[in-house]
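So the sequences go chain by chain: A and B. Quick note on numbering: the first sequence equals residues 1 to 453 in my numbering. Quick note on numbering: the second sequence equals residues 1001 to 1436 in my numbering.
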Amino acid sequence: MGARVLKVARAVDWVMRLRRPAAVLVVLTLLLALPAGAAGPIAHREVLPNGIVLLVAERPAVPIVVVRTFAHAGAVLDPPDRAGLANLTGALLTRGTAKHTGPQLDSAIEFVGGSLSAGAGRDGLGASLAVLKKDLGLGLDLLAEVLLTPTFPPDELKRKVAQIQAAIKRSEEDPGTVAGRALARLVFPRHPYGVPVEGTIESVGKLTRDDVVRFHGGHVRPDTTVVAVVGAVTVDDARREVLARLGGWKAPAEPPASVPTVAAGGPPQTETIEKDLTQATIVLGRQAIRQTDPDYFPLTVASYVLGGGSASRLYSRVREEGGLAYAVYSHVSPAKYGASFSVSAQTRTAEVPKVIEIMREELARMTRDPVTERELKLAKDYLIGSFPLRLDTSAKVADFVVAVEEQGLGLDYADRYKERVAKVTAADVQRVAAKYFAPDSFNRVVVGAPPKP
Amino acid sequence: MRAFLVALFLLVLAAGGAAAQSGERVLAATLENGLRVLLQEDHRSPIVSFQMWYRVGSRNEARGATGIAHFLEHMMFKGTPTHGQGQFARLVEQNGGQDNAFTSQDVTSYYVNIAADRIDLVIELESDRMHNLTLDAKDIASEREVVIEERRTRTEDDPGGFLGEEVSSIAFRSHPYGAPIIGFMEDIKRITPEEIRAFYKTYYMPSNAILVAVGDFKAPEVLAKIRAKFGKIPRGATPPPVLAVEPPQNGERRVVVAKQAQLPIVYVGYHVPNQTSADAFPLEMLSTILSEGRASRLYKRLVYERQLALEAGGDYNYFSQDPNLFWFWATPMPGQTAEAMEKALLAEMETLKKEPVTDEELQRAKNQVEATFVFQEDSVHRRAALLARFELIGVYADKDRFLERLRAVTAADVQRVARAYFADDRKNVGVLLPRP
C-alpha cells in the first residue's frame, strides 16, 4: 500500500472494478461542481485589509491542515488568441520562485509528507496545500512564495508547454474527454467556457513567458483571492499565519478584469466524431442556470429524477432494463458565469440510435408529465440526506467553502439549499423541465465508430 | 518530526494498539458463525462508513469462468425476496446514503456511507443480501450486458487497461492473477446463472467476510445489532483454498499490442514476494521512493530532468494475498519511442541495483507514508478501509506494526531487493504501439 496506492489510481490491472463508474464530468472545473452545503455555520469568514477573503473551518480532531486558495484568474480570462494561458500560468506557479527552484519546492514539501500543487480551471486559479499540523508554517511559506513570487523560468515554461501538449494529445484517446470538449464548444459558442481550459496543442505552443508574467501580474491579486484554511487550526492562528505571509500582498492599481456572462447558445447542433472504438459515447447538452436562479433547485431535483442515481429513470431504462450501458447520467454543471445541463451514456455502437431515443423520450416525458410523489420524495430525501457526506473531510470542506464564496452564494448556502430543495413541488419540476428539457433544444455529440450499414 | 512521532506512539499505546491519533479503540469481535466485526467510533461527523469485505475475488475463479466474482458483485444490487429489484439502491438513496462496491483480485467490497442514525437499515440490507440473494436468471441476463459494456469502457477501448491485461496474462501461467478481474469477454458472455448461484453459495457467508464500520455510533450497541441480524446466518462450509503457485519464470517475457492510441505505453512487471516476506517492507519503501510525488525518482529523472516521459512510476501491492507483480509504467512524450522509454526505465532499475538510494530519498518516503496514515484518519471511509485491508492479511492491529517495520528499512535493504527481484527471470514487458 503506502502513500501512492492510497492516493493514486492507475491503469494497471489489480486495481478495482467498480459497480458504478464515478460521475463523468462533462465540463471541467477546478474546484467546483459542488451542488450543496452544510448545516450551521460552516466556516468563519473575514476580509483581510488587502481584500483577501479568509475562510477558516476548525476541525481539531486530526492533526492535518488543508489550505485552498482561489483567485478569479481562470481560463475565462484567457485572451481569445491565448487559449490555455491561465492553465499554463497556474501549472508554472510551483516551478520556481524568488527563493526556490521547482525541484527545491517539490523536495521541501514532500520531505514532510505534504503536498503543494497549483493550477487553473474555468473560473479560478489557485494553489492547494495539505500538511501535517506541525508543518503548517513551512507549507504556508511555500504557498505564499508560489502565489506572490513565481519566477516562471524559461526552461520550466518550455518543459511545461511540452507536457501540456503531450497531455492534450493523449487525452484524444479518451472518448469522454473528446466528447466533453466538443459539447462545451457547442453549448458555449461565443464564450470562453466553450474553449478547453488547457487550450489546444497549437494555442499552447504560441504562449510566451511575457504572456504568463502579464497574466499573473494582472489577474492573480489579493482583492479577488479567497483563502480557505481547514483542519487542526484555530481562527486566530490561521489569521495570524496568513496575514504574516499574504498581508503585504498589494493589488494592482487597475480594477479586476470583468468577464461576460454567457450569451444564449446558438441553434442546437449535432456532431459525430469518428474513432475506432467498440463503444460510443453520447452526450446531449445545453445551457442551464446557476445556483443564484431560484429555478436551480427544481432543476437539480429534475436532473436527479431523470438520471441522478440508481433509481433514476435513465438508469432504470438504459441500464437496469435495457442492459445498454454501464454509465448513464444526467448532470447540472454550474459555474460562475454560466451553467450547463447534460445527459450522457456509453453504449455499444449498434445501440446508439436506441439510447439516443430513450434519452429524448425521457427528457420529453419530464416536460410532459409531473414526476410521481415517490420520485420527488426520493430525490429530495437523497439530496438533503446525503449532505453530511459532502463535508466529511477537511479537503471536502475546503473545496465547499471556496466554491460557495467564489460563486457568491453565501456561507449559509448549505441551509438555504436544504430549505429550497425541501420546498420543490412536482409542478415546479415539470415547469423547469418544460423550460430546460425539451429534447430538440439539446446539442448532441457522439464519439465512436460509425454504425455498420 | 521526532516529537510528533513519540506523541503518536504514546497515543497508540493508550488506545491499546488499536488506533492511531484521532482514533478511538477498535471493538473487534468474531461471531459464532465466523463473521469478523471491527467497529470504531468516530464522532466528528454524524455519519458512518459501513463496509462488507468478502474474501473472494478474481483469484478464486476458474479458467473459463473469469469475471464471475465481479459479475456477482453487480448482482448483489439486484435484490432478495425481502428487498426486491432495485430496492437496495432506492432505500440507501432515500436515506441519503451513498453506496458502491468493487472487486479486486483478492476481495469484493461493498460500502454504504450514510447518516449514522440509519445504521440499522444498512445492517438489515447487508445481512439480507449475504444470504438471501435472488439471482434471478432474467436479471442476470440484463446485467450481463451491463458488464460487457463495462469491459468495453475499461479494457477494449482503453489502451492502458488493454495492455495491463495482456501483461498479466503473460506474467502468470498458472496462478489466476493472470486473468482479468472483469473477466474475458467470452467468459462474461458464457457464465450461467447456475454458476453464479454456486459461486455465491461457496463464498458469501459470515465466515468468509469482514464487517467494518467507523462512525458516529456506540460500538457495543452496534455490535449487538449486528449479532441479532448476522448471527442467524449459518456459517457455511469453508471455501476451497486457492492452490495455484506460480512456477518460476525463465528469461524475460514480452507482449506487443497494436491499438488505436495517441502515445505508446510501456509496462514492466516483475514477480515479487507478498507481505508474508520480510522483503515486502523494502519493496513498499521502494515504490514510494520511485513514484510518490514530483520529487520521486522516476518522475524527477524521466519526466522532469530527461523529459522522456509524460508520466512514469512504479507500484507494489503490499496487500496482495499471493505473490504478485511490482509494476512499472511509463508513457513516452510525443517524438520519443517506446523502445527508448523502456531502455530508460530499465536503466533506472540498474541504477537502483548499483547505488543505494540517498538518505534524503529514504527519509522522505518514510515521512510520506507516515503522513499518509495521518491524512487517512480524516475520512471515516478510508479509516474503515484501512482496518479491513490489514485484517485481510492478518489482523487490523498490524497497521501499527506496519509503520514500525517501514521505519526500520535501510538503503541497503532497498538495494538488496532491487537486485534480488528486478531480474530478467522475473521480468514481463508489455508495449503498446499506437495505431492511428
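Just so it is clear, CB atoms sit at the ideal spot from N, CA and C, and this is done for glycine as well.
Just to confirm, does residue 438(A) get its C-beta within under 7 Å of one of the non-hydrogen atoms of the ligand MN?
-> For the ligand MN, the structure offers nothing, since it holds no ligand at all.
Hey, does residue 1006(B) have any beta-carbon neighbour from chain A nearer than 8 Å?
The sequence position of residue 1006(B) within the second sequence is 6, counting from 1. Interpretation of residue 1006(B) is limited by its pLDDT of 29, a score under 50 that renders its predicted location unreliable; the figure taken from the coordinates is listed afterwards. False, the Cβ-Cβ gap to chain A never drops below 8 Å.
With a cut-off of 8 Å on the beta carbons, I'd call residue 1112(B) and residue 1057(B) a contact; round off their distance for me.
-> Locating residue 1112(B) in the second sequence gives position 112, where the first residue counts as 1. Locating residue 1057(B) in the second sequence gives position 57, where the first residue counts as 1. About 20 Å; that fails the 8 Å criterion.
Exercise for the section: Could you spell out where the beta strand (DSSP E) holding residue 163(A) opens and where it closes? Expected result: Here residue 163(A) corresponds to residue number 163 of the first sequence, with the count starting at 1. Careful: residue 163(A) lies outside any beta strand (DSSP E), inside the alpha helix (DSSP H) at 154-171.
Quick one: list the residues of chain B neighbouring residue 378(A), beta-carbon separation under 7 Å, in chain order.
Taking the first residue of the first sequence as 1, we reach residue 378(A) at position 378. Those within 7 Å of residue 378(A) in chain B are 1090, 1093, 1094.
Q) Ends of the beta strand (DSSP E) at residue 44(A)? A) Here residue 44(A) refers to the residue found at position 44 when the first sequence is read from its first residue. Residue 44(A) -> beta strand (DSSP E) spans 44-47.
Output the distance between the C-alpha atoms of residue 1233(B) and residue 305(A), rounded to the nearest integer angstrom.
-> Working through the second sequence from its first residue, we reach residue 1233(B) at position 233. Working through the first sequence from its first residue, we reach residue 305(A) at position 305. If you take the alpha carbons of residue 1233(B) and residue 305(A), they lie about 36 Å apart.
Using the three-state DSSP reduction, which class does residue 1202(B) fall into: helix, strand or coil? For the purposes of this step, residue 1202(B) is taken as residue 202 along the second sequence, with counting starting at 1. Helix, per DSSP.
> Three-state secondary structure (DSSP) at residue 1359(B)?
Replying inline: Residue mapping note: residue 1359(B) aligns to position 359 of the second sequence, counting from 1. Of the three classes helix, strand and coil, the one that applies to residue 1359(B) here is helix, per DSSP.
Margin query: Using only the alpha-carbon positions, how far apart do residue 113(A) and residue 1069(B) sit?
Written below: Here residue 113(A) corresponds to residue number 113 of the first sequence, with the count starting at 1. Here residue 1069(B) corresponds to residue number 69 of the second sequence, with the count starting at 1. Those two C-alpha atoms are separated by around 37 Å.
ask   = Which first and last residues belong to the alpha helix (DSSP H) in which residue 450(A) is found?
value = Along the first sequence, one-based indexing puts residue 450(A) at 450. Note, residue 450(A): premise wrong, no alpha helix (DSSP H); not H, not E.
Going by beta carbon distance, what residues of the same chain come within less than 7 Å of residue 1128(B), once the five residues before and after it are set aside?
-> Residue mapping note: residue 1128(B) aligns to position 128 of the second sequence, counting from 1. Closer than 7 Å at Cβ, skipping near neighbours: 1080, 1082, 1083.
- Test item: CB-CB of residue 324(A) and residue 355(A) under 8 Å: Here residue 324(A) refers to the residue found at position 324 when the first sequence is read from its first residue. Here residue 355(A) refers to the residue found at position 355 when the first sequence is read from its first residue. Yes, they are a contact pair.
The segment 71-96 of chain A: which residues have C-beta closer than 7 Å to a C-beta of chain B, in chain order? none
Requested in this report: Using 10 angstroms around the beta-carbon of residue 95(A), count the other beta-carbons present and answer buried if the total reaches 16, otherwise exposed.
Outcome: Locating residue 95(A) in the first sequence gives position 95, counting from the first residue. By the 10 Å Cβ count, residue 95(A) comes out buried.
* To the nearest angstrom, how far is it from the Cα of residue 1053(B) to the Cα of residue 1133(B)? -> In the second sequence, the residue the question calls residue 1053(B) occupies position 53. In the second sequence, the residue the question calls residue 1133(B) occupies position 133. Approximately 16 Å, taken between the alpha carbons.
>> With a threshold of 8 Å between beta carbons, is residue 385(A) in contact with chain B?
In response: The residue labelled residue 385(A) in the question sits at position 385 within the first sequence. Residue 385(A) counts as touching chain B.
| said: Residues of chain A with CB closer than 9 Å to the CB of residue 1378(B), please, in chain order. | reply: For the purposes of this step, residue 1378(B) is identified with residue 378 of the second sequence, where counting begins at 1. The answer, in chain order, is 59, 61, 62, 64, 66, 231, 392, 393, 394, 395.
Check: If we ignore side chains and look at the alpha-carbon of each, how far apart do residue 183(A) and residue 363(A) end up?
Finding: Within the first sequence, numbered from 1, the residue matching residue 183(A) stands at position 183. Within the first sequence, numbered from 1, the residue matching residue 363(A) stands at position 363. Taking the straight line joining both Cα atoms gives about 18 Å.
According to DSSP, what are the bridge partners of residue 1251(B)? Against the second sequence, residue 1251(B) aligns to sequence position 251. Note: residue 1251(B) sits in no beta bridge, so no partner.
Answer yes if the segment 408-419 of chain A comes into contact with the segment 1116-1128 of chain B, meaning at least three C-beta pairs across the two stretches below 8 Å, and no otherwise. no
Subject >> Residue interval of the beta strand (DSSP E) (run including residue 412(A)) >> reply: In the first sequence, counting from the first residue as 1, residue 412(A) sits at position 412. Looking at the DSSP string, residue 412(A) is not in any beta strand (DSSP E), and its letter there is neither H nor E.
Find out if the Cβ-Cβ distance for the pair residue 447(A), residue 281(A) is shorter than 8 Å. For the purposes of this step, residue 447(A) is taken as residue 447 along the first sequence, with counting starting at 1. For the purposes of this step, residue 281(A) is taken as residue 281 along the first sequence, with counting starting at 1. In this structure, residue 281(A) lies closer than 8 Å to residue 447(A) by Cβ.
Against chain B, does residue 352(A) count as a neighbour if the rule is that its beta carbon must be under 8 Å from one of theirs? What you label residue 352(A) is simply residue 352 of the first sequence in a count that begins at 1. It does not: the Cβ of residue 352(A) has no partner Cβ on chain B nearer than 8 Å.
Cα-Cα separation, residue 1136(B) to residue 1291(B)
Stepping through the second sequence from its first residue, residue 1136(B) is reached at position 136. Stepping through the second sequence from its first residue, residue 1291(B) is reached at position 291. Computed Cα separation, rounded: 45 Å.
| request: Would you identify the three-state DSSP class for residue 1270(B), choosing helix, strand or coil? | output: By 1-based counting over the second sequence, the position of residue 1270(B) is 270. DSSP places residue 1270(B) in strand when its eight states are reduced to three.
Q: Say whether chain B places a C-beta atom closer than 8 Å to the C-beta of residue 25(A).
A: Locating residue 25(A) in the first sequence gives position 25, counting from the first residue. Confidence in residue 25(A) is poor, its pLDDT being 30 and thus under 50, which makes the residue's placement unreliable; the coordinate value appears in the next sentence. No, its Cβ sits nowhere closer than 8 Å to a Cβ of chain B.
Leaving out five residues on either side along the sequence, give the residues of the same chain with a beta carbon under 6 Å from the beta carbon of residue 1076(B). One-based indexing of the second sequence puts residue 1076(B) at position 76. So the list reads 1129, once near-sequence residues are dropped.
* Just tell me which of 191(A), 169(A), 221(A) has its CA closest to the CA of residue 147(A). => Start at 1 with the first residue of the first sequence, and residue 147(A) comes out as number 147. Selected option, being the one with the closest Cα: 221(A).
Subject >> First through last residue of the beta strand (DSSP E) which encompasses residue 1210(B) >> reply: Numbered from 1 along the second sequence, position 210 holds the residue referred to as residue 1210(B). Its beta strand (DSSP E) spans residues 1209-1215.
Rounded separation between residue 1329(B) and residue 1396(B) - CA only: Mapped onto the second sequence, residue 1329(B) falls at position 329. Mapped onto the second sequence, residue 1396(B) falls at position 396. Straight-line Cα distance between these residues: approximately 31 Å.
- prompt: My guess is that residue 1098(B) and residue 125(A) are in contact by the Cβ rule of under 8 Å, so how many angstroms apart are they, rounded?
  reply: Translated into positions along the second sequence, residue 1098(B) becomes position 98. Translated into positions along the first sequence, residue 125(A) becomes position 125. So it is not a contact: roughly 31 Å between Cβ atoms.
| message | Please list the terminal residues of the continuous alpha helix (DSSP H) segment that includes residue 1400(B). | response | Counted from its first residue, the second sequence places residue 1400(B) at position 400. Run containing residue 1400(B): 1398-1407, per the alpha helix (DSSP H) assignment.
Considering only the alpha carbon of each residue, which of 267(A), 381(A), 417(A) lies closest to residue 1118(B)? The sequence position of residue 1118(B) within the second sequence is 118, counting from 1. Closest by alpha carbon: 381(A).
Beta-ladder partner(s) of residue 1434(B), from DSSP: Working through the second sequence from its first residue, we reach residue 1434(B) at position 434. Partner(s): 1259(B).
One question on the structure: do residue 1388(B) and residue 1051(B) come within less than 8 Å of each other, judged by their Cβ atoms? Taking the first residue of the second sequence as position 1, residue 1388(B) is located at position 388. Taking the first residue of the second sequence as position 1, residue 1051(B) is located at position 51. Contact: yes.
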